[in-house]
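J.:
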Amino acid sequence: MGQQGRSRTNGQGGPGAVDGFFEYARERQLIKLRRDAGESPPFTGDPVLRAYRFCNVFREDDRTTAWFRQNVRDVLRESPTEVTLATITFRWFNRIEVGEQILDILLEDGWNAKRIRSRLRNVQPLVTGAYMVKTPPGMSKLEGIIWCMKHINRRSLPQMPMTSLELAHQWLTQYPYLGDFMAYEVITDLRHTFQLQDATDIMTWANPGPGAARGCEWITGHKYNRHSKTDRVAMMNVMRELLRLANSDEAFLWPEDWPRWEMREVEHTLCEYDKYMRAVNGQSLKRRFDASHQGEERT
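In this note's numbering, the protein residues as written are 9 to 307.
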């Protein structure tokens, strides 16, 4: 991404904002392709992308999700209750190292408090740094997760809606401490299984978090309150238009021989684009680039 592309997107909204969003997305995808091809770093000439860590455009390409897909999700994908329980369990921790310690439990039981407590009692770090894992106060993180999982009734899991990501997301958040963000991670995994592969809103619904809301602001120049129903409708319309453009053969914003986008790609690329634009405008980000780990920080 050249200096010209960055300079014309320094402000929020206005001409070039949509182009700037896709310019970022294309360059981030090219970083992955160059790395996969065995090229040597740096994988980009963009100073911000060279300095800081950004997730892949496609969540399925991120290291943690790839491990979970290959070792757990694809193995259980035709068994809705089993894959749902195993996914919830894994995403409480969201670490490959933890997944490896409890892989047999994930595949055989989905959850077993006694065995997991024994396996993970001395494991550190226990949970991901990619998102906040909330558990009851006054407990260790392990005991807090065990408490949370105690409230997830295995027998109730077949009641999860199978026709809608949005309804399944709402259903999951009934459980204590399983908030919007983590529920969205679980739903995104289950979208690739029998449980939600036929959901009717894969291309029309997403759960915009604070990063995606700020990403929409960079596109439109408007501020959004993601807790406002009106603003959520407005953000959803922005995201649907970005999805249309991403998959349009006429827009020339995303190469037609690259993978197609879904609403999940729009939502999480908006979040990453917000990080990118804040860095372009002088804000220091937390996660510095490491050529051996680029694209692995998320989920």
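Cβ coordinates follow ideal geometry from the N, Cα and C atoms, glycine included.
Distance, Cα to Cα, aspartate 54 vs proline 23?
T.: Those two C-alpha atoms are separated by around 21 Å.
J.: Would a C-beta distance cut-off of 8 Å place tryptophan 226 and tyrosine 281 closer than the cut-off?
T.: Against a cut-off of 8 Å, the Cβ pair of tyrosine 281 and tryptophan 226 comes out as a contact.
J.: Which of the three DSSP states, helix, strand or coil, is assigned to tyrosine 232?
T.: Three-state DSSP puts tyrosine 232 in coil, outside helix and strand.
J.: From proline 49 to arginine 34, what does the alpha carbon distance come to, in whole angstroms?
T.: About 17 Å.
J.: DSSP three-state label for isoleucine 110, please.
T.: Note: isoleucine 110 maps to coil in three-state DSSP.
J.: Taking all protein chains shown into account, decide if asparagine 102 is buried (16 or more other Cβ within 10 angstroms of its Cβ) or exposed.
T.: Looking at its Cβ environment, which holds 16 or more other Cβ atoms inside 10 Å, asparagine 102 is buried.
J.: Identify which residue in Ala45, Val194, Arg248 and Trp179 has its Cα closest to the Cα of aspartate 209.
T.: If we check each option's Cα against that of aspartate 209, Arg248 comes out closest.
J.: Looking only at its chain, what residues have a beta carbon closer than 7 Å to the beta carbon of phenylalanine 189, apart from the 5 residues adjacent to it on each side?
T.: Only Tyr139 and Gly217 meet the Cβ criterion.
J.: In or out: glutamine 203 buried (at least 16 other Cβ within 10 Å) or exposed?
T.: Burial call: buried.
J.: Starting from the Cα of leucine 57, find the closest Cα among Asp44, Arg71, Arg67 and Tyr32 and give me that residue.
T.: Minimum Cα distance to leucine 57 is reached at Tyr32.
J.: For the structure I just gave you, are there three or more beta carbon pairs, one from the segment 88-95 and one from the segment 107-120, closer than 8 Å?
T.: Yes, since at least three Cβ pairs between the segment 88-95 and the segment 107-120 fall closer than 8 Å, the two stretches touch.
J.: Express the C-alpha separation of aspartate 257 and alanine 241 in angstroms, rounding to a whole number.
T.: Alanine is not the amino acid found at residue 241; the sequence shown has valine there. Going from the Cα of valine 241 to the Cα of aspartate 257 covers about 26 Å.
J.: Is it buried or exposed for arginine 222, if we count other Cβ within 10 angstroms and need 16 for buried?
T.: Buried: at least 16 other Cβ atoms inside 10 Å.
J.: Would you identify the three-state DSSP class for glutamine 20, choosing helix, strand or coil?
T.: Note: glutamine 20 maps to coil in three-state DSSP.
J.: DSSP state of leucine 261, grouped into three classes?
T.: Note: leucine 261 maps to coil in three-state DSSP.
J.: Taking the beta carbon of asparagine 64 as the centre, do at least 16 other beta carbons fall within 10 Å, making it buried, or is it exposed?
T.: The residue is buried, with at least 16 neighbouring Cβ atoms inside 10 Å.
J.: Go ahead and label asparagine 289 buried or exposed: buried means 16 or more other beta carbons lie within 10 angstroms of its beta carbon, across all protein chains shown.
T.: With fewer than 16 Cβ atoms within 10 Å of its Cβ, asparagine 289 is classed as exposed.
J.: Which residue's Cα is closest to the Cα of tyrosine 60: Ser164, Thr171 and Ile39?
T.: Looking at the Cα atoms, Ile39 is the closest of the given residues.
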